[in-house]
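Just below is one structure, and these are the notes that go with it.
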Amino acid sequence: MRAFSLSDGVGVMDPITYLDELESVFDAERRAQVAGQGADLAEAEAATVKLEARLRARLGQRLRVLTRGGALVDLLARHLGDDVLIGQAPGGGVVMVRTAAIAVVVPQTAGEAGQARRWRSARAVLRDLRRRRARVSLSLPAGSVTGTIVQVGQDYVELAVELSHRVPVGGGGQRVAIALGAIEVVREC
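Each position in the sequence shown, counted from 1, maps to that position plus 118 in my numbering.
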């Protein structure tokens, strides 16, 4: 049997050393590929996190929220309902922001501990404000309307409006129906 030799450009390499080096090169490439796949998987997992999960992680903290319509809201996040983020305004009133209207969320500081009411939906918050005859300001993409909630329907809220120059909806004391889907923010005044 004839001896097998490979030239590496410098000298002669025996086949076992050559195979060991080749195997180590393949192992290094495999490790790099697995590490790359791990990074891809971590990135893909992060891409599945929804804004709702980020908001839920921020409950109990002060947040600054900017809506798609341009309303800026500072609140202490207390509860995340089915379609709303509910919190406390710096003055203590209830603030509700529809999650579909949220464009930007900026954490401010950790909030103080406190007991919060538990609401499941925007309508539940609105019904509570109606029962308390609370004065509210509704932020809409076209402006805002201030008044007292008279009735909460399935897809609208009826408001006894105050005279305002922000949204042309009629004179003071008049009742107007506003589509729930158009409301971005509800602030208790």
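Cβ coordinates follow ideal geometry from the N, Cα and C atoms, glycine included.
Keep in mind that this is a model prediction, so the values were computed, not measured.
Take residue 283 and list the residues in its own chain whose beta-carbon comes closer than 8 Å to its own, dropping the five residues that flank it on each side. Position 165 of the sequence shown, counted from the first residue, corresponds to residue 283. Confidence at residue 283 is low in this model, with a pLDDT of 46, below 50, so the placement of that residue is unreliable and no value is reported for it.
Can we say the segment 212-221 touches the segment 293-305, given the rule of at least three CB pairs closer than 8 Å? yes
Option nearest residue 203 by Cα separation, candidates 136, 187, 227 and 171: Position 85 of the sequence shown, counting from 1, holds the residue named residue 203. That would be 171, whose Cα lies nearest to the Cα of residue 203.
Identify the residues that DSSP records as bridge partners of residue 261: which are they? In the sequence shown, the residue the question calls residue 261 occupies position 143. Per DSSP, 258.
With distances taken between CB atoms, is the gap from residue 223 to residue 173 smaller than 8 Å? Numbered from 1 along the sequence shown, position 105 holds the residue referred to as residue 223. Numbered from 1 along the sequence shown, position 55 holds the residue referred to as residue 173. Yes, the Cβ-Cβ distance between residue 223 and residue 173 is below 8 Å.
Using the rule of at least 16 other Cβ atoms within 10 Å of the residue's Cβ for burial, across every protein chain shown, is residue 137 buried or exposed? Your numbering for residue 137 matches position 19 in the sequence shown. Answer is exposed; the Cβ neighbour count stays below 16.
Helix, strand or coil at residue 301 according to DSSP, with G and I counted as helix: Here residue 301 corresponds to residue number 183 of the sequence shown, with the count starting at 1. Note: residue 301 maps to coil in three-state DSSP.
Exposed or buried, residue 153, counting other C-beta atoms within 10 Å across all chains shown (16 or more means buried)? Locating residue 153 in the sequence shown gives position 35, counting from the first residue. Its Cβ having fewer than 16 others within 10 Å, residue 153 is exposed.
What did DSSP end up calling residue 295 once you bin it into helix, strand or coil? Indexing the sequence shown from 1 puts residue 295 at position 177. Residue state, collapsed to three classes: strand.
Counting beta carbon pairs with one atom in the segment 245-255 and one in the segment 177-188, are three or more of them shorter than 8 Å? no
If you draw a straight line from the alpha carbon of residue 144 to that of residue 168, how long is it in whole angstroms? Within the sequence shown, residue 144 is the residue found at index 26, counting from 1. Within the sequence shown, residue 168 is the residue found at index 50, counting from 1. Straight-line Cα distance between these residues: approximately 39 Å.
Using only the alpha-carbon positions, how far apart do residue 226 and residue 253 sit? Along the sequence shown, one-based indexing puts residue 226 at 108. Along the sequence shown, one-based indexing puts residue 253 at 135. Going by the C-alpha atoms only, they are around 27 Å apart.
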